[in-house]
Each structure stands twice: as C-alpha cells, then as structure tokens.
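Colleague: In our numbering, the protein residues as written are 1 to 1119.
Beta carbons are placed, not taken as given, at the ideal position from N, Cα and C, and that holds for glycine.
Right, I'll just put the structure down here and ask away after.
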Amino acid sequence: MINATKGEVVIIQSGKDLQRSVVAALQEASSWILQSYGLQDIALNTVSTKTHFNAALPAFAQQFILKQDIGDLNERYVKDVFDFISIETGHCSPTLYAAVTRIPADDGGIKGYRKTYLPPLRRGFSAFLISLHIRRAIILPFSFKWPLSFDLGYKGAILAKREVCPLEHLPELFRFIRSLNCLEDGEQSEKVFEAYTTKQRERLVWMGQRLIVAGGWLELTDVNYGDMLSLKAANDETGFSGNSDLGLLMLADLFERKYGSASPVTAAGWRAALDKARPQRNFIGLEGLIGGRRNLLEETAKLNPADMAPNALEYLTSLPGLEFDLKANSETWIRIQHTFLRKIRLESKKQRIAALGYLNIYLFGYLPYWYAENPGVTFEFPSAPDKLLSAVFISDLGLMEGQLRPLPIVEFFDKMAPIRKWEVTTHYAVLKQIEKLFEFIERHNEALPNSKGFRQPLFAYDYPAQSRSTGTTKRPIPRRIFKFYVSYVEALATLSSVLTQRVVSGVVSNDGLKGFGTSQTTIDCLERQDVLGFVPIVFYQGKMYPLRHIPNIFNIDSKRLKNGHVSKVPHPHAIHQILVSLYTGLRHNHIQWLDNATFDQLVDDEHGSREFAELHVNTDKTKTKPWTPYVNFKVIEVLRQQRDWRALIDERGFESRIYYNNNPESKWGDILPLFSHHLDGRPHSDEMYQTCWMRLLNGLQGELGTVGEHGFKLTRLLPKGVAYNDPDMDKKLHTYGSIQTRICDLSIKSDITPHSARVSVISHSIGILPADLIGRHWTGQTEATVYHYVVPDKEEIFAEQRRQQLAIRQMGYEKGYEAMLRASPGRSDAHIKADDINSNLSKGLRTNVDETLSAFGCISLSFTEGGKTGMDVLKDTRGVGAIENKTEICPYANQCPPNVVTELKGWRRCGPCSFAVRSVDHLPAITAKIRQVLEGLVEIESRIMAVDGEEDLTADELDSLEQTRDTLAEDLAAWQMAAEVLEVMRQRIATGESTKSWHVQKPEIIEKDLRRALFPTDSTEYVLARLQESETFPILESPQIRARFDLLRRQLLVNTGNVRAALRFEPSTNPGAECLGLLRSIIAAHRLTLADLKIMLESDSYLESIPIRPLKLVTKGIA
C-alpha cells in the first residue's frame, strides 16, 4: 500500500491494534530521543525549558500522554500529531498543543505551553510517526520531513548532524538511504554512493528517501514496479511531489547497484514497465471526447508520440470511453512498423520512431474517436495498409466534396503543426519519415501482411512549402577574439592538468578540493593558489594577463584510482573536447567517441612533423568508414593528455567496449572510448560539455574588457524560460521580477553554442583555403556543406563595405569601373564587352532588332528540330525584357522557363540552352567561359582519379562528383560548339561573304579586326592569357584560376625580395587585379619584354639577377 496523497497521513490500523501501536511507538520514540542525545540516565521530571529540553517528548510521554486513558490514542490523535509536526516553525495553537501533549490548555505549569518546547517536540513526534510507520500502522506521505538535529558551535555554526532516529533501529531501506552523505566532500559508508555526483546524492536524499516513505517500503522485498507506477501516475495527476520527475529511475538504479540480482527492480526493468503502462495513462484525458464536449483534433494532437510508438502501442488494449478493439485494429500496423525499424539500420532511430508515433496518433488516437462520433460513415477503418485509401485518409484531392470523411493525414498534420508549434522543417521531416515507411510497404507489399497492391500515396505537393536554407543559424566566435578564446581555453586546460597531477600525487587532498564542487561556478585563483599551484596567464597582443577569477570547469568527482584509493579528481573531458573542436572544427559527437587505442595510430613520433599530424577519426555522421583529417599537433597532445587521465582510473567499466552512441546496430561497432566518464565506460554527457562551454564563454566575456576588447556581447545571465534573443524578453523579465523572491536563479545564455566552434573554424579559414580542401582534410564535409557553414564576420563585412564605398567613389571619379585596371587611360581594349550599354550590339538592338540579329551573325543552338529558339522569341518580343549578359542575350530576363529547367536538369545552364542568343561580339567572353568550364572540369576529373589513391570518398560523394563532371562536360561541348559556329560567322562577315548591307553599326570584333587565337600550351602563357581575360570578364574566373593568380602574385612578391608579404596568410580579395598591377609595375620599372617576363616567372631567381637592358633615351651617365 502506498500514500499518494498531498500531505496527508494514511492510517492502516484501527481500534485496539492502533492504540497498542501508538503506545509502543511513543515508548520507542522516547528511547530513540534519549539515546540520540545521550540522556538515558537523566530523571525525566527534571526536564524544563532550560534543562535537557531535547528530552521533551520522553518527559511528556511518561508524565502525561501515557498516564491517561489510552482509548483516546486513536486515529484522531495520530492526525493531530501529524498536523503538529507539519507546522515547521513558529507557534501552534494551544488547542493543538494540548491535544498532542494531553496537557489541559489552561495548565500554566512548567510543562504547559512554551515556545521553547515546540522544536524538540516536533522532532520527537516525528520520530513517533516514523515508529508507527515502521510498525505498518500508518504510511507517511511524500511531504514528510525526516527529523534532524544539529550540534551548533560559535555563532550558530553547524558542527555535526545528529540522527534523531538511530540507524541501527531502522529497517533495511531506511538504514541504507539514511547512511548516504550528500555533502560535497563527505565520506561514504557505502561504496555504491561513490558512483553518483554530489547533485545526484542530494537528489537521492531529497527524493529517494521520500519515495521509500510514501511507498511504504521497509524491506527490499516491499519494492515493486506496481507501487512505482502508482506513485508516478498519482504524481502526474495531482503533482503531490511538486516535481514532474520523482526520480524513480535513479532509485531503481541505486537498488540495482546495491543489491545486484537480489534487487526486485532495475533501471532497465523500470523503463520496460513505463513502456507498458505509458499508453494507457496517455489516454486517460480523452474520455471527454465522446459527445463533442472537447475538441477531438486539439486533444489528440497533444498526445505524446513516444507513447504511441510501436513498442508502446502494443501494450495498449483499449481506448477510454470506446468499444473499439484496439488490439485487433492495430496489430498489423505494429507488426509492419516493427519490421520496418528492424530492417532499416540507422545510427539513430529516434526521429523515425517519433514519426511513427505521430502516424499512430492519427490512426489510433484521432480516427477511432472520429468513427465513434460518425457511426454512419461508409469507409472501413484502415486497420491495415490495404485499407488505407489515399483519397480518404492521405490527401484531399477535392473529389469527395459533400461526403462525410475524416481529416486526411496531410491535413491533420497541417492543423497539428501550430498546436505543437512545429517549425516547417520539423513538419517536413515527420512526413518524410512516414513516406519512407510507405515506400517500404510498397517495396515489400507481397511479403508484408494485408499490404498487397499498396502504393506509396504521398507526393511532393503534400509537403509544406519551405524556403531553401541560406546557411547555418549558428553564430561564430568573432574573428578578432577567436585567438584570445583559444588561448583562454588552453590556459584553463593546462590548469586542469596541473591540478590533476597535484591530486594524484597527494599534494592536494579531498579536503583541499572543498569549494570546487559543481555548485561553485567561479574560482578565485589567487585565494586558491595553494590548491591550484599557480595563477594561470594568457598572452594577447604581446601582453601578459593573469586570470584571477575563472569559471569552474574542473568537474570534480570521485573515481577509483590505480593506486587503490577512491579520490576526488578533476574530469578534463569537457575542456579537452572543446579545445579539440576549436582546433579542428570536428563535430563534438565524433570527438566524444574517439577510440582510445587508435586516435593517434597514424602519428610518427620519431620522424613525423611536430606541427601537423593525421588524426584517426573512427566515426562520422555521413561517411561509411573511419577517416583522417590533418590537425595541429597540439590536438594530438591534448588527446594524449586525456588518455593519460584515463590511465589513472581503475574502474571496471573503463575496460569495456561501448557501442557508438550506445546503439548496438551502429555501423561503427564497439569502441573503447577515449573520453570514458561514467562507471560503465560511456563518454561524458552532452550536458557536461555544454555547461563547460557556457561557463568558458561567460569567463571570456569578463576578460575582454581587461585586454581592451569592447563591444562584444557573448553571454547574458537570464532566468529559466528566457532565451538569449527572446523576442518577449522584456515582458518575461518583468513578470519574473514581479514575483519578488529573495533569490534570482539565473543561468548563462548565449547564441554562441558548442556547435559554433565548427562554424568558427570554417568561417575563419574560408578566406585562406578552398572549400573543398577544408571539407576534405579538416572537417570531413562536402564542399557544399562547407559553404553552408560559412558566416561572414560582421566586422569584416563592415570593413569591406567601407572599402567598396571608397572604391566606387574613386571609380566614379575616373568615369568607369574597369578603367582603374588599365595600365594607361584611354588605351584600346583587346576584348569586347557585348553587354555594355554603349556597345554596338546594344545600340543596334535598340534601333532595329531584326537587322541587328542578322548583321551581328546571331545564333541560337538547338538540338531538336522544329522547336522555338531564342532568335524566335527576340523577334516576337522585339527584345522587350531581354537581358544582355557577357556571353549571350537572354530573352527571358535570366528567369529560366520551367520547361527549360526540366529539359536541362538545372537552372541557368546557358551553354546548352536553345533560348540563349549569341553574336560574334560575344566570342571573346565565350572563349573565357570555355576556359573557366574546362578548369572546373579538370579539377573534378583529378578528384575522381584520386579516389583510387589516398582520397576516401563515400559512394554518394563519388556519384555527386561524377554528376557534376557530366554536367560540366555537356556545358563545355555546348560552349565549344557555339564558339566554332560564331567563328565561322565572323570569318564570313570579315571576308565579305556576307553581303548584308550595314544600316546598323558593325560588330566591334570586325571594327577592331580581332581574330581568334589558339589556346596557349605553355602554362605561363595560359595564366597570362587568363589574366587578360580576367581584367575584362572578372565574373568568368574560376576558383582554380584565382588560386593560380594568387600563387603568381606571391611568386612575384618573392622575386622582388618581398618574402614577408608573400608569406602572409591574409587572403587577397582580388588576386587577379593585384597580380596584374604587380606585373605592370615590374615591367615598367625594369623595361622587360614578354620573353624576359616569362624567364623571370619560370625561374627561382630574384630580379636583381636579371641584367638591366640598355637605355634608349638617356645617356648612361645620367642613368
């Protein structure tokens, strides 16, 4: 029997049995009090408010309570005693005092009502109630507070705790739980308690003991899952504990650790019991749905998907208020869903199980009640896939207007989304997982029960509209303080390592670590220098800054060491993981699960570099096998420090291999975790490193002003329920402040999360290295994903905007944007800008479209017969809305028609597009475009060829590369064909074969007598040719040629003796322009010919070694 009331005692015995128990309990409680205070030898008649007043209950019991007729020691008396002890402080009514002491209210004698007697009487009567509880005469409620007394010293300082009820007189479970010392540095009488953190031990004393009381459990055999479920159900309904979580799982775990196989309850057993019982409890609130008293959609939409998952639904046999055979109707779906989950292996099935839970909410939460409300419906209940009619239960096609039918799944989820406050991405993901189930049923419809002929019924138009992601929402650490943050974390990681060494060597004892517990958020390094050994320092911009106040990132906890002692030691897991993430940008989950034996297996300590190394990463979110990023050698050193810490621990679980993410179906198998933390060998929790991250950020915020960095807001201290960028922050803070409590419970909030380490590394390196190299050799991502993580730094954006503003102003002064790049103003350009507003082509199109198209040799490539081309569209529209681009004229204003996107399988593929109109004046730009596409194709081809070598690519990544190669090859062929046809047209016009008279201006390519040149075969000439094209067509640069330009720029700087500038890591915003400027300066200063320039670029010699050419216009003496 349990007591699930809200602060009421449950009386089991009655009559004479209760009277006898009350008498015995009073005598026993009196004996306990005298033993506890060492007053067994005193005369009880000497007890007064000034002498031995702690023995008030024994004195009152002997002289008053037990001297009178025990017939009044009944249920009323027990309830009066409980009411008396429930008044924790202050006075009680004289009437209640008289009722429990059995002294008349008007008695003014020495034992009459005195406030001094109240505390010892409350302790004594609490002991009396415990004795009654032990005799199974009553069951005390969860709210009952165990009586305690403290020995006080100077100014009320607590010297020791005194047990009012001696432990040796208590039954097994009370004796066990009361022996737990919850103090941070307290010695434990039971080794099993050392497995729990200080906070967990506090919770066990606070919640576990009360559960044992409310459950009426005295001996181990009293504990059972039925009572535990009843307590949980009552707490869910009435909230008698004041907490949503009773801590039953932790209590079951404690009993399992203590009693082993003898324990009647275990953590796994409790989870299984919850799975069986949860669905029935989940539906308790749905009885009112019948008859329309409550909104069916709103109530079913609030159901918990975990309670409707297949493993939970199979234990639900009926629905409240319905005569509905749930077991028969759900059996087929449950079997299929179990098969689906078992057959499809995933690293995490959490999202998929949740989606199945939402599907089951519709099938077995919403539909049964809808059918009960509408008994005349003709559609059969969809108890199996072959009865799931698409037009009725999936999506409304508008063909069944006027017919009575339930909401289909798609519409049900549309209405559920705002109720559950789903984001569009969540809504989409749920439907996508359900679609995968339907695809599985369709694929195996012949083998699965009642599924023959089933077809997947969800289509693209059933999904919610969502916008394309423009990048990560995570905020990176600002670039200007990123280095300082890394140095700050390095300093604290070093401090943690030193403290561990001092603890293990015995220099610092457990007592010395007082004040380092998890409840202590900040540590004064100057005050605690005797423990820490030194005050940490950081260097920033050439100055040294001591760190006096630091966040508590040590995670002090007890572990059994190899020296045989159980000692409190710092746990560096969180700060080591954070430091590695800041160095590498790796996912935190993969760092957590690094293998202790293999992470540094590729490091050559004898002959390898001490600057960089290969890290063996044994897990990955997207890859199918381990991979090896290049990392700073400090990463290896940090991880080896973590391994050294692990080697100190002598816990049996640290030798166990653990499945990745605790999933036996994981493709990564079992691992010996480098970051083992729990006693069973599992790595530390996400909460541990997230808390450490927030504390580090908050500590950094406090140091920024010291080092002269202002204007950065990294963290805020906010109460629970208020987010960092909460739109209703002011309103919530005002509400919180109006409560006017003495304690304001704040926590650190920030939009810079641990995931920001990955974003920061990528964002700060994208200007130095290409995205594909970052993904391949650093972070393990695809090139597209790398770009997704790029977040431009706000300060750099502002600086770049200022530079652009000045540049635009300067270019405006010189009357032309590209004129600034010319070596001499007014020189004739070798290239043609056909898209220029003043070009001959543009003027002709504005004057006479038909004649211009003919005179300029315009063409549109078409690979099909009879289809409409761009020439036809331009003639029909007279060029209205057409856009003139570098390489073509687009009659649709650069907005590809849907049929073109479908035909070409892509957007803005202008090369093979039949609507692109090109003239002979587009030839120079098309030539540059051909080179740009060819450079990209060569790069893709080299990556594909490297797959058989050292580079590891997944099948999906390889397919993506091959698809990109095919697209580029098609584009290259189309551009080449356009160039060939236009060259033929140019030759015909230039030689006069075309006899068309000129009523519009000639093509500029004819006016300037420009002719096509063959592709340069020499690499230097090729780069120079591309440099020339880049000056006129900067948008036709490729990433590969930009890298060649930057390399050439650095080579020129080296050859001119400016080695320091060449080795700087700052990326160039326009390497082509800078390279061209350097070339012109060098040629002008040294009067070089093209041959001289080629010799200089193709050799390693400095310019000083190049002989000065003879001067032409001045004498040698003047020179």
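Work out the CA separation of Gly721 and Trp693 for me, nearest whole Å.
Modeller: Taking the straight line from one Cα to the other gives about 20 Å.
Colleague: From Gln501 to Ile12, what does the alpha carbon distance come to, in whole angstroms?
Modeller: Roughly 58 Å separates the two Cα atoms.
Colleague: Identify every run of the alpha helix (DSSP H) within the region 595–663, keeping only runs that are complete inside it and at least 4 residues long; order them along the chain.
Modeller: The region 595–663 contains these whole alpha helix (DSSP H) runs: 633–648.
Colleague: Quick check: what's the CA-CA separation for His684 versus His588?
Modeller: One C-alpha to the other measures close to 11 Å.
Colleague: Find out if the Cβ-Cβ distance for the pair Gly699, Pro551 is shorter than 8 Å.
Modeller: Contact: yes.
Colleague: Only counting the same chain, and skipping five residues up and downstream in sequence, which positions put a Cβ closer than 6 Å to that of Gln68?
Modeller: Result list for Gln68: Arg102, in chain order.
Colleague: Thr426 by DSSP, collapsed to three states: which one?
Modeller: Correct three-state label for Thr426: helix.
Colleague: Please classify Thr522: does DSSP put it in a helix, a strand, or coil?
Modeller: Thr522 falls in the strand class under three-state DSSP.
Colleague: Is the beta carbon of Ile353 sitting closer than 8 Å to the one on Ala309?
Modeller: Yes. Within cutoff.
Colleague: For Tyr366, which residues in the same chain have their Cβ closer than 6 Å to its Cβ, ignoring the five residues on either side in sequence?
Modeller: Only Thr300 meet the Cβ criterion.
Colleague: Is the number of C-beta pairs between the region 702–718 and the region 740–752 that are closer than 8 Å three or more?
Modeller: Touching, yes, given that three or more Cβ pairs across the two stretches are closer than 8 Å.
Colleague: Can Arg695 and Ile748 be called in contact, C-beta distance under 8 Å?
Modeller: Yes, they are a contact pair.
Colleague: Please report the residue range of the alpha helix (DSSP H) in which Asp772 lies.
Modeller: Here the alpha helix (DSSP H) through Asp772 covers 771–774.
Colleague: Report the residue from Lys559, Thr473, Glu935 whose alpha carbon sits nearest the alpha carbon of Gln188.
Modeller: With distances taken between Cα atoms, Gln188 lies closest to Lys559.
Colleague: Kindly indicate which residue of Asp1046, Val603, Lys621 has the alpha-carbon position closest to the one of Ala613.
Modeller: Taking only the C-alpha atoms, the option nearest Ala613 is Val603.
Colleague: Please determine if the region 132–146 and the region 31–39 are in contact, where contact requires at least 3 C-beta pairs separated by less than 8 Å.
Modeller: The region 132–146, when compared against the region 31–39, does not touch it at the 8 Å Cβ threshold.
Colleague: Can you name the start and end residues of the beta strand (DSSP E) that Asp557 belongs to?
Modeller: First-last of the beta strand (DSSP E) with Asp557: 557–560.
Colleague: Just list the alpha helix (DSSP H) runs in the region 680–746, keeping only unbroken ones of 4 residues or longer that don't cross its boundaries, in chain order.
Modeller: DSSP runs (the alpha helix (DSSP H)) wholly in the region 680–746: 686–704, 729–738.
Colleague: Would you say the region 659–670 touches the region 506–525, given that touching needs at least three Cβ pairs under 8 Å?
Modeller: Too few Cβ pairs lie closer than 8 Å, so no.
Colleague: Are there 16 or more other CB atoms within 10 angstroms of the CB of Trp217, so buried, or fewer, so exposed?
Modeller: Per the 10 Å Cβ criterion, buried.
Colleague: Give every residue of the same chain whose Cβ lies closer than 7 Å to the Cβ of Glu490, excluding the five residues on either side of it in the sequence, and list them in chain order.
Modeller: Result list for Glu490: Leu579, in chain order.
Colleague: How big is the Cα-Cα spacing for Leu561 and Ser497?
Modeller: Whole-angstrom Cα-Cα distance: 16 Å.
Colleague: May I ask which residues mark the beginning and end of the alpha helix (DSSP H) holding Tyr97?
Modeller: Its alpha helix (DSSP H) spans residues 94–101.
Colleague: Counting only the same chain and skipping the five closest in sequence on each side, list residues whose C-beta sits under 8 Å from that of Pro166.
Modeller: Contacts found: Trp32, Gln35, Ser36.
Colleague: Can you grab the Cα-Cα spacing for the pair Ala391 / Pro897, in whole Å?
Modeller: Answer to the nearest angstrom: the Cα atoms are 32 Å apart.
Colleague: Are the CB atoms of Leu251 and Leu220 within a distance shorter than 8 Å?
Modeller: In this structure, Leu251 does not lie closer than 8 Å to Leu220 by Cβ.
Colleague: What three-state label does DSSP hand His549 in the structure shown?
Modeller: Three-state DSSP puts His549 in a strand.
Colleague: With a Cβ-Cβ cutoff of 8 Å, do Pro120 and Asn54 count as a contact?
Modeller: Contact: yes.
Colleague: Assuming contact is defined by CB atoms lying nearer than 8 Å, are Glu980 and Leu923 in contact in what I supplied?
Modeller: Against a cut-off of 8 Å, the Cβ pair of Leu923 and Glu980 comes out as no contact.
Colleague: How many Å lie between Lys191 and Val205 at the Cα?
Modeller: If I take the Cα positions, the gap works out to 16 Å.
Colleague: Look up Ser567 in the DSSP assignment and give the residues it is bridged to.
Modeller: Answer by DSSP bridge pairing, in chain order: Lys559.
Colleague: Taking one C-beta from the region 357–376 and one from the region 396–412 each time, how about it: are there three or more such pairs within less than 8 Å?
Modeller: In short, these stretches touch, since the Cβ pair count reaches three.
Colleague: Indicate the three-state DSSP secondary structure (helix, strand or coil) for Ile42 in the structure shown.
Modeller: Here Ile42 sits in coil by DSSP.
Colleague: Runs of 4 residues minimum, wholly inside the region 879–960: which ones carry the alpha helix (DSSP H) assignment?
Modeller: As far as the region 879–960 is concerned, its whole alpha helix (DSSP H) runs of at least 4 residues are 898–904, 923–945.
Colleague: Could you tell me which residues DSSP pairs with Met544 in its beta bridges?
Modeller: DSSP lists Phe539 as partners of Met544.
Colleague: Taking the straight line between their C-alpha atoms, what separation do you get for Trp593 and Ile762?
Modeller: Distance between the alpha carbons of Trp593 and Ile762 is about 22 Å.
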